[in-house]
Amino acid sequence: MRKSVLIVTCLLSVALIVLLYGIRSAGSSRGSIDLNHRMISFLGQNGAASHPPGTPYKVVIDPGHGGKDRGATGASGNFEKDFTLRLALKVEELAKKETEIEVHLTRTDDRFISSADRERPKLANDLGADLFISIHGNTYEDASVSGTETYYYHDDSLPLAEIMQKHVVQGSGFRDRGVKKENYFVVKDTEMPAVLIETGYLTNPQEEAQMLGDEAQYRIAGSILDGIKEYLQLD
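Here it is, written out as structure tokens:
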């Protein structure tokens with residue numbers, strides 16, 4: 000009996016060493032950011048095992064562009080930077096009713112944020128945020144192109160991207176253009192699950208008209224919040 004216990008103990012020790020070595024080796028090429036992502040994945044889809052009980056989840060909402068960076072110019076001549084800020088502020092407004100969610104915005108006014116300084120992901124990383132969601136409006140030379148799409152980079156952000164895409168499509172009513180992987184720095188440099196949502200096409204006159212209206216913005220803001228709650232398993 001003692002011999003069997005010893006054998007089992009040895010096997011478990013070997014397995015643990017192999018697991019730790021695998022994590023260390025896989026993370027060596029990407030450094031600490033990749034290791035953090037792998038640990039979140041190991042703990043579960045939403046990293047709940049590592050979240051301190053009784054404290055709200057920190058969610059960073061990033062209104063794309065700002066200041067001299069106008070982003071896309073819509074069919075009506077309105078700028079993407081203004082749309083993203085209005086939508087982000089509505090997400091923050093709705094989230095204030097949720098005691099388990101604490102929203103932080105990368106900007107609350109028409110402020111320029113340098114991409115060169117990587118200030119957006121740095122804010123989220125320094126904050127120790129649980130989620131990062133960047134809001135955008137899309138553009139294309141063909142005004143008939145429309146729809147919602149969600150981008151991610153790290154594999155452990157894919158579940159969040161799929162959930163957010165599902166909810167935003169439902170909230171907007173726009174065409175589902177799917178989830179896509181892209182190395183945008185705002186989703187690549189973050190140390191937590193992160194997505195970039197292209198809510199709809201501002202260059203599509205019909206879609207833009209809805210996106211700029213308060214009614215549609217509240218629907219979309221509510222869908223973003225619903226996606227956050229589903230991912231964090233707060234429903």
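Under numbering that gives the first Met the number 0, the first residue of the sequence shown carries the number 0, and numbering increases by one thereafter. Cβ coordinates follow ideal geometry from the N, Cα and C atoms, glycine included.
Give the DSSP-derived three-state secondary structure of Thr83 in the structure shown. helix
By DSSP, does Val144 sit in helix, in strand, or in coil? If DSSP states are grouped into helix, strand and coil, Val144 belongs with coil.
Just the Cα atoms here: how many angstroms apart are Val167 and Tyr150? 13 Å
Can you tell me whether Ser75 is helix, strand or coil according to DSSP? DSSP places Ser75 in coil when its eight states are reduced to three.
Within a Cβ cutoff of 7 Å, which residues of the same chain sit near Val102, ignoring the five residues on either side of it in sequence? Val58, Ile60, Val90, Glu91 and Ala94
Report the option in Lys187, Met191, Gln169 and Ala193 whose CA atom is closest to the CA atom of Asp225. Gln169
Excluding the 5 residues preceding and the 5 following Arg174 in the sequence, name in chain order all residues of the same chain whose CB lies nearer than 6 Å to its CB. Only Ser145 and Gly146 meet the Cβ criterion.
Return the first residue and the last residue of the alpha helix (DSSP H) that Asn124 is part of. Glu118 to Leu126
Below-8 Å beta-carbon distance, Ser133 vs any chain C residue: Of the chains in the structure shown, none is chain C; there is only one protein chain.
Closer than 8 Å is the cut-off here; do at least three beta carbon pairs connect the stretch 218-234 with the stretch 177-187? no
Indicate whether Asn104 and Pro52 have their beta-carbon atoms separated by less than 8 Å. Position check: residue 104 holds Leu in this sequence, whereas Asn was assumed. No, the pair does not count as a contact, with Cβ atoms beyond the cut-off.
Tell me whether Leu159 sits in a helix, a strand or coil according to DSSP, three-state version. helix
Run the CB neighbour count on Ala208, radius 10 Å, all protein chains shown included, and call it buried at 16 or more, exposed below. By the neighbour-count rule (16 or more Cβ atoms within 10 Å), Ala208 is not buried but exposed.
Suppose the cutoff is 7 Å on Cβ atoms and the five residues either side in sequence are ignored; what does the same chain contact list for Ile112 look like? Gly65, Thr105, Arg106, Glu118 and Arg119
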